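K.L.:
Heads up: the sequence shown is residues 44 to 349, going by this note's numbering.
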Amino acid sequence: MKTIFVTIGKLLLLTILMQIIWSVGLGIGSQLFPFELSTSGVDAGQLFLRMTVVCLIHTSLLYTLIHFAVWKGWKLASLLALEIFVIQFALSAVEALFFGGYLKMPANLAWSMIFTGIILSLVWSPLAVLISGNWKQIDSSKHLKTATGNMFWMNIALLSVVVYPFLYQLAGYFIAWRVPEVRALYDGLEAQPTFIAQLGSFVFSELHLLQIIRGLVWIAIAIPVMLAMKSSMWMKALMVGLLFALLMNAQHLLPNALMVPEVRLAHFIETASSNFVWGFVIVWLLSKSGFTRSSDIGEEGKLAAA
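This is the structure we're talking about:
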């Protein structure tokens, strides 16, 4: 019982620290990269409450990753920083810049997001490892060796060129684009009458190239999580799926001046569902392609070679 209360206490402390560091990063970032954005429709009290909820969701996910990780110290802190910065900030900022004309988003807002991500990831991550009691270094050299089967690189290409762009379009077409407010926001984007026609126009677009690159980045940040966790393949797939789904998309719960609530909800359902499936598929397919980790924890430390 005492252990449970201690864990809850650490979780709440890390949640508070995340909210403070995030807010400070936002404040400094907005000064370094000034932008004009109307906040007349955003209630400060509601924003604070929802940001607390988002920080609790993020902290719970990352604390779970810490719990299942065999990595310690700076190595674990680096993993947390990587996941926070890339998933929560960098990938979102890149796509926001791509659709900036429709969102009417100032370019400096994206750079402010990037700066905030750097501050939050670099400051909060080592604090999380320290407070959780995982700073003590251990000899992890046995966990560093990896092996890739013949199908590994072929599956990387399949995932990034086909699977991720397909999931992206599938969720966008059948979830987000069904909402009138979303269509109104992206007025000027031409939607095809059928999903097959939509795929046909998407394949030869700049957006497809962007999603291929994003797909490769997603895979690159999934692999360290797979290597760090002392768990079964299914638990790793669940962890990666939840990180991809919520670490990026829980922020849609926050009120903002760029999207009305209907658009934020549609994008949350769209991207959280597709990202969860995407993260799960990455772990499953790479495990089936012969991706393994040599470890002193036996078969439990492997990703089921083909």
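Glycine is no exception: its CB is placed at the ideal position from the N, C-alpha and C atoms.
Computed from a prediction, not measured in an experiment: that's the story for all the values here.
1) Going by C-alpha to C-alpha distance, which of M282, V96 and A293 sits closest to W327?
2) For S248, is the classification buried or exposed, using 16 other Cβ atoms within 10 angstroms of its Cβ as the cut-off for buried?
3) If you follow the alpha helix (DSSP H) that A33 is in, where does it begin and where does it stop?
4) Measuring straight from C-alpha to C-alpha, what distance separates Q254 and S317?
5) Go ahead and pull the three-state DSSP assignment for M148.
6) Would you report the Cα separation of M44 and L170, rounded to the nearest angstrom?
7) Taking only three categories from DSSP, how would you classify M416?
8) At a threshold of 8 Å, does G160 count as lining the ligand COA (C-beta to nearest heavy atom)?
9) What residues in its chain sit with their C-beta under 8 Å from that of Y207, if we drop five residues either side in the sequence?
10) Sorted by chain position, which residues of the same chain lie with C-beta nearer than 6 Å to P149's C-beta, five sequence neighbours on each side aside?
11) Could you tell me if L97 is buried or exposed, where buried requires 16 or more neighbouring beta carbons within 10 angstroms of its beta carbon?
12) Three Cβ pairs or more, each shorter than 8 Å: is that satisfied between the segment 123-141 and the segment 154-161?
13) Helix, strand or coil for E343 per DSSP?
14) Would you decide whether I51 is buried or exposed? Buried here means 16 or more other CB atoms lie within 10 Å of its CB.
15) Compare the C-alpha of F14 against each of P223, L140 and L296 and name the closest.
16) Kindly confirm or deny that the segment 100-110 and the segment 193-204 touch, where touching means at least three C-beta pairs closer than 8 Å.
17) Would you decide whether F311 is buried or exposed? Buried here means 16 or more other CB atoms lie within 10 Å of its CB.
18) Could you check whether A293 and I100 sit closer than 9 Å to each other, using their CB atoms as the reference points?
19) Considering only DSSP beta bridges, list what M282 is partnered with.
20) Checking the sheet assignment: what are the DSSP bridge partners for M272?
21) Quick one: residues in its chain with C-beta nearer than 6 Å to the C-beta of L140, no 5 flanking neighbours on either side, listed in chain order?
P.N.:
Looking at the coordinates:
1) Of the candidates M282, V96 and A293, the residue whose Cα lies closest to the Cα of W327 is M282.
2) exposed
3) Since the first residue of the chain shown is 44 and the last is 349, residue 33 is not available in this structure.
4) In a straight line, the C-alpha of Q254 is about 13 Å away from that of S317.
5) Coil, per DSSP.
6) The C-alpha of M44 lies about 25 Å from the C-alpha of L170.
7) What the structure shows of the chain is the stretch from 44 to 349, and residue 416 is not part of that stretch, so it cannot be assessed.
8) Among the ligands in the structure shown, none appear at all, so the ligand COA cannot be discussed.
9) Q254, I255, R257, G258, W261 and W321
10) F78
11) One detail in the question is off: residue 97 reads as Val in this sequence, not Leu. Per the 10 Å Cβ criterion, buried.
12) yes
13) Only weak support is given to the placement of E343: the predicted model assigns it a pLDDT of 39, under 50, and the value that follows is read from those uncertain coordinates. Residue state, collapsed to three classes: helix.
14) So I51 counts as exposed.
15) In this structure the chain extends from 44 to 349, so residue 14 is not present and cannot be described.
16) no
17) So F311 ends up on the buried side.
18) Taking 9 Å as the Cβ cut-off, I100 and A293 qualify as a contacting pair.
19) Paired residue(s): none; M282 is not in a bridge.
20) Under DSSP, M272 shares a beta bridge with A112.
21) A153
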